[in-house]
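Shown next, in structure tokens, is the structure this report addresses.
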Amino acid sequence: MIELSINGKQQQFTGPLTVTQLVYQLALVGKRVAIERNGEIVPRSQFDQTPLCHGDQLEIVVAVGGG
Amino acid sequence: MVTSLKSSLLSAAAKPTHLDFMDNLIIAGKTYSSRLLVGTGKYQDFDQTRRAIEASGAEIVTVAIRRTNIGQNAGEPSLLDAVPPSRYTYLPNTAGCYSADDAIRTLRLARELLDGHDLVKLEVLGDPQTLYPNVVETLKAADILVKEGFKVMVYTSDDPIIAKQLEEIGCVAVMPLASLIGSGMGILNPWNLQIIIENAKVPVIVDAGVGTASDAAIAMELGCSGVLMNTAIAGARDPILMASAMKKAVEAGREAFLAGRMAKKLYSASPSSPTTGLIGK
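Line by line, the protein sequences are chains U and E. Heads up: the first sequence begins at 1 in our numbering, then just goes up one per residue. Heads up: the second sequence begins at 68 in our numbering, then just goes up one per residue.
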């Protein structure tokens, strides 16, 4: 099991896990999101090749209404 | 300076007859026909958002960047459907950021989210009560963002020195407040705005504090290049109608600025009707 912090909440997953697999497991496929891993942007083109490690801090964001 | 700006605009306006010329807003090399920029927050639902933005005629819309709700159904309606980025120029903002670091992180995420789109609205707030900008952190963030290739439209106070410094850093538009965010108090310091406009070589867009159509018209009459608002429209009893009013106010204010208003005087003793030919004399 690997534990990830996603948007400030701890969640456990069965490893190994790439960002693409995480997006699938979180039911975010097809949704326009951007992901930051430990303070660094993960480009969408690299979701497949980016493995996640125990303790990673992820921010997953979307565009919402705002002024 | 303002005189020379006005006269150059006036000569541009005077050559062809009246309004045949294109009086476009140019930001970072891109041309927009609307000088009204609107936010997408505080509406009842996405349908109201869509209709209000359509009525406003705005081409540039601000959006916020927020954590997604994990575990919510993927099919829920999205802002991107109501306000498609293919039709509008998105201006992701850093609302809610109180440090340069947070603002920079947010805009890097926004650029990734929007496929490399680099036109952004930087705002770094200083205080949750007033939402007044923290200009020290704003300057710091602007410097880094410009170096990273962002085209930064920057929200700031109405301090002419800070506005100039932000322009010198390389911001593509300077956006001083009319009054506090969401206050609807209108333009509190037209004199400072006038100094900012006089000194600026980039578009000056009044951002925040506009409450009603006359406020927007006054901003444009001062010579602002545009007006950015959200609450004034979304917080009106009828947001769609107010969006339409704001569109007209911005256009009217712009035309009045280009037309050049008459001088104010306490009285003139010069009636508009002929002084001769009066009956019985």
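All residues carry an ideal CB built from backbone N, CA and C; glycine is no exception.
Backbone CA spacing between E/N256 and E/Y222 [nearest angstrom]: Roughly 16 Å between the two C-alpha positions.
Taking contact to mean at least 3 C-beta pairs separated by less than 8 Å, is the region 171-188 of chain E in contact with the region 243-259 of chain E? Judged by Cβ distances under 8 Å, the region 171-188 of chain E makes no contact with the region 243-259 of chain E, as fewer than three pairs qualify.
Quick check on the DSSP output: the alpha helix (DSSP H) that includes E/V202 runs from which residue to which? Start and end: 202-214.
Relative to the alpha-carbon of E/S93, which residue among E/F217, E/S335, E/V239 has its alpha-carbon at the smallest distance? A quick correction: the sequence has Ile, not Ser, at residue 93 of chain E. It is E/V239 whose Cα lies nearest to the Cα of E/I93.
So what's U/F13 in DSSP terms, helix, strand or just coil? Correct three-state label for U/F13: strand.
If the cut-off is 7 Å on Cβ atoms, which residues from the region 125-152 of chain E count as contacting chain U, listed in chain order? From the region 125-152 of chain E, only T129, V130, A131, I132, R133, R134, T135, I137, A141, L146, L147 have a Cβ closer than 7 Å to chain U.
Within-8 Å CB hit, U/G67 to chain E: Interface residue, yes.
Is U/E36 close to chain E? Criterion is C-beta to C-beta, closer than 8 Å. At least one CB atom of chain E sits nearer than 8 Å to the CB of U/E36.
Does the separation of the CB atoms of E/F324 and E/M287 fall below 8 Å? Going by beta carbons, E/F324 and E/M287 fall inside the 8 Å limit.
With a floor of 3 residues, list each beta strand (DSSP E) that falls wholly inside the region 148-198 of chain E, ordered by position along the chain. Taking only runs of at least 3 residues, the beta strand (DSSP E) segments lying wholly in the region 148-198 of chain E are 156-159, 186-189.
If you pair each beta-carbon of the region 44-57 of chain U with each one of the region 153-169 of chain E, do three or more pairs fall below 8 Å? The region 44-57 of chain U and the region 153-169 of chain E do not touch, with fewer than 3 CB-CB distances between them shorter than 8 Å.
What did DSSP end up calling U/G67 once you bin it into helix, strand or coil? In the structure shown, U/G67 sits in coil (DSSP, three-state: anything other than H, G, I, E or B).
With which residues is E/Y99 paired in a DSSP beta bridge? In the DSSP secondary-structure assignment, E/Y99 is bridged to E/L92.
Are any of the Cβ atoms in chain E nearer than 8 Å to that of U/E3? Answer no: the Cβ-Cβ gap between U/E3 and chain E never drops below 8 Å.
Tell me which same chain residues have a C-beta within less than 7 Å of the C-beta of U/E40, skipping the five on either side of it? Around U/E40: no qualifying Cβ.
Taking only beta-carbon atoms, is U/P43 less than 8 Å away from chain E? True, the Cβ-Cβ gap to chain E drops below 8 Å.
According to the neighbour-count rule (16 or more other Cβ atoms, all chains shown, within 10 Å of its Cβ), is E/Y110 buried or exposed? The residue is buried, with at least 16 neighbouring Cβ atoms inside 10 Å.
Evaluate contact between the region 94-104 of chain E and the region 116-135 of chain E, counting only Cβ atoms and requiring at least three cross-stretch pairs below 8 Å. Contact holds: three or more Cβ-Cβ distances are below 8 Å.
Interface residues of chain E facing U/L138 [CB-CB closer than 7 Å]: In the structure displayed, chain U extends from 1 to 67; residue 138 of chain U sits before or after that span and is not available.
Any idea if E/P243 is buried or exposed, counting beta-carbon neighbours within 10 angstroms, 16 or more meaning buried? With 16 or more Cβ atoms within 10 Å of its Cβ, E/P243 is classed as buried.
Would you list, in chain order, the members of the region 106-117 of chain E that have their beta-carbon closer than 9 Å to a beta-carbon of chain U? Under the 9 Å Cβ criterion, the region 106-117 of chain E contributes G106, T107, G108, K109, Y110, F113, T116.
Quick check on DSSP: helix, strand or coil for E/A310? Reduced to three states, the DSSP call for E/A310 is helix.
Which bits of chain U does E/N297 rub up against, with CB to CB less than 7 Å? The answer, in chain order, is G67.
Taking only beta carbons into account, state which residues of the region 176-197 of chain E come closer than 9 Å to chain U, listed in chain order. For the region 176-197 of chain E, which is checked against every Cβ of chain U, the residues closer than 9 Å are L176, A177, R178, E179, L180, L181, D182.
Specify, as a first and last residue, the run of the alpha helix (DSSP H) that E/A301 falls within. In this chain, the alpha helix (DSSP H) harbouring E/A301 covers 298-301.
For my contact list, E/V317 and E/V271 are in at a C-beta cut-off of 8 Å; report their separation, rounded to the angstrom. Not quite, the Cβ-Cβ distance comes to about 14 Å (not below 8 Å), so this is no contact.
Under 7 Å by beta carbon: chain U residues contacting E/A283: Correct list: empty, because the minimum Cβ distance to chain U is about 15 Å.
Hey, E/R355 and E/I307: beta-carbon distance below 8 Å or not? Nothing can be reported for residue 355 of chain E: it is not among the residues displayed for chain E, which extend from 68 to 348.
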